[in-house]
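Colleague:
Numbering (my numbering), first residue to last: 1006 to 1306.
1) So does the stretch 1256-1274 actually touch the stretch 1168-1175, counting three or more Cβ pairs closer than 8 Å?
2) Within this structure, are the beta carbons of residue 1280 and residue 1246 separated by less than 8 Å?
3) Does the stretch 1153-1162 come into contact with the stretch 1106-1116, if we say contact requires no fewer than three beta-carbon pairs (one atom in each stretch) closer than 8 Å?
4) Looking at C-alpha atoms only, which residue of 1282, 1253, 1188, 1269 is the closest neighbour of residue 1296?
5) Cutting at 7 Å between CB atoms, please list the residues of its own chain near residue 1196, excluding the five before and the five after it.
6) Measuring alpha carbon to alpha carbon, tell me which residue in 1163, 1142, 1176 is nearest residue 1313.
7) Return the Cβ separation of residue 1043 and residue 1286 in integer angstroms, given the expectation that the two are a contact with Cβ distance under 8 Å.
8) Starting from the Cα of residue 1132, find the closest Cα among 1221, 1096, 1091, 1166 and give me that residue.
9) On the DSSP bridge list, what partners appear for residue 1233?
10) How would you call residue 1085, buried or exposed, if buried means at least 16 neighbouring beta carbons within 10 angstroms?
11) If you draw a straight line from the C-alpha of residue 1293 to the C-alpha of residue 1216, how long is it?
12) Could you compute how far the alpha carbon of residue 1152 sits from the alpha carbon of residue 1100?
13) Specify the secondary structure class of residue 1078 as computed by DSSP and reduced to three states.
14) Counting only runs that start and end within the stretch 1147-1180, where is the beta strand (DSSP E) found for 3 or more residues in a row?
15) Applying the 10 Å Cβ sphere with the 16-neighbour rule, what's the burial state of residue 1105?
16) I need the boundaries of the alpha helix (DSSP H) containing residue 1070, first residue and last residue.
17) When the distance is taken between beta carbons, is residue 1135 closer than 8 Å to residue 1040?
18) Going by CA-CA distance only, name the one from 1167, 1220, 1163 that's closest to residue 1130.
19) As a quick exercise: from 1187, 1181, 1178, 1165, pick the residue whose alpha carbon is nearest that of residue 1150.
20) One question on the structure: do residue 1203 and residue 1180 come within less than 8 Å of each other, judged by their Cβ atoms?
21) Could you tell me the boundaries of the beta strand (DSSP E) in which residue 1144 lies?
22) Among residues of its own chain, excluding the 5 on either side of residue 1222, which ones have a beta-carbon nearer than 7 Å to its beta-carbon?
23) Could you check what DSSP says for residue 1246 in three-state terms: helix, strand or coil?
24) Have a look at 1228, 1250, 1080 and flag the residue whose alpha-carbon is nearest the alpha-carbon of residue 1238.
25) Tell me whether residue 1196 sits in a helix, a strand or coil according to DSSP, three-state version.
26) What would DSSP say about residue 1056, mapped onto helix, strand or coil?
27) From the DSSP output, in three-state form, read off residue 1105 for me.
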């Protein structure tokens, strides 16, 4: 199950954008940190391995997260049926969890289509805001090749539009990235930030994807730390995703020091995704419990 399939199942003329100051400050989310959550994508992979459907077992996952000490679960922003975002929030609350963040994606590089994507997300985000969510994490769709300057200009304008609408709702927008955006000298990754206002277009810092894309995690924090609105946390050993969040290729202790020194937002979302080569020796519940302990011990949350 790839992320695009997960999003689908869970959700049942160039424009020249002005450059913004690189040091523009991002306004932290209104939720009170620290909070630690779990992204449901990895849970879906575990259930798929067992021949089960995550949606049919969601309540047991939420119970397991609560019992392990998590504060929230990050699901998918439902843009097809926006009212479902409120239903998900209620489901979280019934299990003792909080509505904090939701993840989504969409095409932002095509003239016209980009505006449609932004409007569709804004409509769904309005319902999410009413339900108590504070963060929308968004990954612009990759297209199998580097985007042209014209496509990136359209995307930047659409991100600015989306950021403005999300901000009006009292939410915070965090731009997420995978390796396609970090190819070609990370041109798309940098342009998404450097040509968008830091007050409205923040950063969902997925530490491992940035690492895999060739940017040292601490170097990324030096440039974009003030934009961080939320985090996705995963570990690897010898560059292969590890089954739990533990020591490995990424020095999370060094990252924790920067978080403390700069007082960055602490909405830590553990995402234990699996890939070919991942060694699985425990079940999802045990791995998430161990990961929660790691976040508390190393990141202090």
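A virtual CB, placed ideally from N, CA and C, is assigned to each residue, including glycine.
Predicted model, so just to flag it, every value in this text is computed and none were measured.
Modeller: The short version:
1) no
2) yes
3) yes
4) 1253
5) 1157, 1161
6) This structure leaves residue 1313 out entirely; the chain is present only between 1006 and 1306.
7) Residue 1043 to residue 1286, Cβ: 19 Å. No contact.
8) 1091
9) 1208
10) exposed
11) 22 Å
12) 42 Å
13) strand
14) 1177-1180
15) buried
16) 1063-1072
17) no
18) 1167
19) 1187
20) no
21) 1140-1145
22) 1212, 1215, 1216, 1255, 1260
23) strand
24) 1250
25) helix
26) coil
27) coil
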